[in-house]
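> Residue 123 in the working numbering sits at position 88 of the sequence shown, with consecutive numbering throughout. C-beta: ideal position from N, C-alpha, C; glycine also. Structure in structure tokens, see below.
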Amino acid sequence: MANLEEYLHDLEILLAEYQSIAEQGWNAYEKETAVSEHRRERAESAEASAQNYQRLFSDSELSRKEDSKRFTQQIDVLRTEKDGIIAEKEKALKSAETQVEQFQKEIISLTN
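Written as structure tokens, this is what we have:
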């Protein structure tokens with residue numbers, strides 16, 4: 036009976052550790068998502084500003100050419116930032132999945 040109580044106690048500790056790991060992973064994911072969301076909003080705002088800028092100065096040919104260059108550069112920067120945001124989200128998700136898999140392995144090894 037004492038062994039069963041010890042085993043249950045160990046399982047409770049393991050569950051608490053799992054909950055802590057899961058919470059840490061979730062918090063990290065939420066933080067990454069918030070940072071990524073902020074960057075995405077900045078990117079959208081910059082893109083909208085670039086489009087407005089393009090429209091404002093489209094009257095002269097020289098302005099159009101200069102604006103087109105700037106707009107293209109801004110679009111390239113935004114695309115790069117978007118790709119970085121996607122990569123960060125994928126990295127955060129992979130990290131959380133790895134933590135969950137490791138914990139599942141620990142549970143299995145303790146239950147065997």
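Just confirm the distance between the C-beta atoms of Leu-145 and Leu-49, as a whole number of angstroms; I'd bet it's less than 8 Å.
Between Leu-49 and Leu-145 the Cβ distance is about 6 Å, and since that is below 8 Å, they are a contact.
> Taking 8 Å as the threshold, find out whether the region 63 to 70 comes into contact with the region 124 to 143 through three or more Cβ pairs.
Taking 8 Å as the limit for Cβ pairs, the verdict is that the region 124 to 143 does touch the region 63 to 70.
> Evaluate Ile-178 with the Cβ neighbour count: other Cβ atoms within 10 Å of its Cβ, from every protein chain shown; 16 or more gives buried, anything less gives exposed.
This structure cannot settle anything about residue 178, because the visible part of the chain is limited to 36 through 147.
> Flag this pair as touching only if the region 111 to 118 and the region 41 to 55 have three or more C-beta atom pairs under 8 Å; answer yes or no.
Counting Cβ pairs under 8 Å, fewer than three are found: no touch.
> For Asn-147, which three-state DSSP category applies?
Coil at Asn-147, not helix or strand.
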